[in-house]
Amino acid sequence: MKKSITYFENPGKENTDELIQLIKERLKESNIKYVAIASASGETALKLSKELDDVTIVNTTHHAGFKEANKLDISDDMRAKLEKEGIVTFVGSHALSGVGRGISNKFGGFTPVDIIAETARMFSQGIKVCVEISIMLADAGLIPVDEEILAIGGRAHGIDSAAIITPANMTKVFDMRIHEIIAMPRP
Numbered sequence: 002m003k004k005s006i007t008y009f010e011n012p013g014k015e016n017t018d019e020l021i022q023l024i025k026e027r028l029k030e031s032n033i034k035y036v037a038i039a040s041a042s043g044e045t046a047l048k049l050s051k052e053l054d055d056v057t058i059v060n061t062t063h064h065a066g067f068k069e070a071n072k073l074d075i076s077d078d079m080r081a082k083l084e085k086e087g088i089v090t091f092v093g094s095h096a097l098s099g100v101g102r103g104i105s106n107k108f109g110g111f112t113p114v115d116i117i118a119e120t121a122r123m124f125s126q127g128i129k130v131c132v133e134i135s136i137m138l139a140d141a142g143l144i145p146v147d148e149e150i151l152a153i154g155g156r157a158h159g160i161d162s163a164a165i166i167t168p169a170n171m172t173k174v175f176d177m178r179i180h181e182i183i184a185m186p187r188p
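Quick note: to get the numbering used here, add 1 to the position in the sequence shown (first position is 1).
Okay, here's the thing in C-alpha cells:
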C-alpha cells in the first residue's frame, strides 16, 4: 500500500482549505463513516460540512472556562447552525490535560497524561489534537472504538492536521491506533 502525506511549511489556519480538499480526496477511497474535528468556535466544522457528504461529522470544542470563567468558545447560534447541518458538538474537558493540568499549574511537575500529550506533539500540535478528540468523542459514545475514523485538528485557529485513527476509550487509551497521517505541518 502506498499513501502520501502532505506536509505544510507552517502550522495554522492558512492550511484549512487545502486540508479540506485532501480530506475529501482521502474519504473518496475509504469506507470511513465518522469524521471528528476540533473546532472551538465551530466555524471550521461548518466550513467542512459544506464540502463533505455521506459521513457523520462530530465537532469538539473546549470546556467552559477554557479561556474565560464559565464561558464557552462556541456560541449558541453556531451550535444551532451546526445542528442544522447534522453536526453534533461535544463540549468537554481535554482528555490529555483536564484536571491534570490544573494540578500541574498549581503544584508544578508533570502527569503521565502530560507525557502522552507531549509524545503526540512530537508529530505536531494538530496530531495531538486528533488523538485527544478521538479519546474524548469515544468516551462520549459519539464515535465507534471498533472502526477507523478520520480525525482533524490544528493549533488555535483553522486546521492543519488529519489522521486515520481507530479510537479507544480513555480507560484503554493504548488500544488506540494511528493508521495514517494525511497531513500535518512540519515541526
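C-beta: ideal position from N, C-alpha, C; glycine also.
Test item: CB-CB of residue i and residue j under 8 Å
i    : j    : result
A81  : L73  : no
A39  : I134 : yes
N60  : L28  : no
V114 : L138 : no
I88  : A46  : yes
I116 : M171 : no
S50  : E86  : yes
G154 : C131 : yes
Spatial neighbours of residue i in its chain, beta-carbon cut-off 7 Å, leaving aside the 5 residues before and after
i    : result
R1   : Beyond the ends of the chain as shown, which are 2 and 188, falls residue 1; an answer cannot be given.
L20  : I160, D161, A163 and A184
R156 : P12, G13, Q126 and G127
I75  : A41, S42, G43, T62 and T90
S94  : H64
D176 : A169
Residues of its chain near residue i, where Cβ-Cβ distance is below 6 Å and the 5 sequence neighbours each way are ignored
i   : result
Y35 : T57, I144 and I150
I24 : A163
A70 : none
V92 : T62
Per-residue DSSP class, three states only, for residue i
i    : result
E164 : Reading the sequence as shown, one finds Ala at residue 164 and not Glu. In this structure, A164 counts as strand in the three-state DSSP scheme.
N71  : coil
R80  : helix
M171 : helix
R178 : strand
N16  : helix
A46  : helix
I21  : helix
V92  : strand
V56  : coil
Cβ of residue i within 8 Å of any chain C Cβ
i    : result
A121 : Although the question refers to chain C, the structure presented lacks it and comprises just one protein chain.
8 Å CB neighbourhood of residue i in its chain, flanking five on each side removed
i   : result
Y8  : A184, M185, P186 and R187
T17 : T45, K48, G155, G159, I160 and D161
Q: Take every Cβ of the stretch 168 to 188, pair it with every Cβ of the stretch 110 to 129, and state whether three or more of those distances are shorter than 8 Å.
A: Three or more pairs of CB atoms, one per stretch, sit closer than 8 Å, so the stretch 168 to 188 contacts the stretch 110 to 129.
Q) How do the stretch 167 to 178 and the stretch 100 to 112 stand: do at least 3 beta-carbon pairs fall below 8 Å, yes or no? A) No: fewer than three Cβ pairs fall under 8 Å.
Q.
List, from N- to C-terminal side, the alpha helix (DSSP H) runs of 4 residues or more that fit wholly inside the stretch 105 to 158.
A. Positions of the alpha helix (DSSP H) runs, each at least 4 residues long and wholly inside the stretch 105 to 158, are given as 113 to 122 and 126 to 140 in order along the chain.
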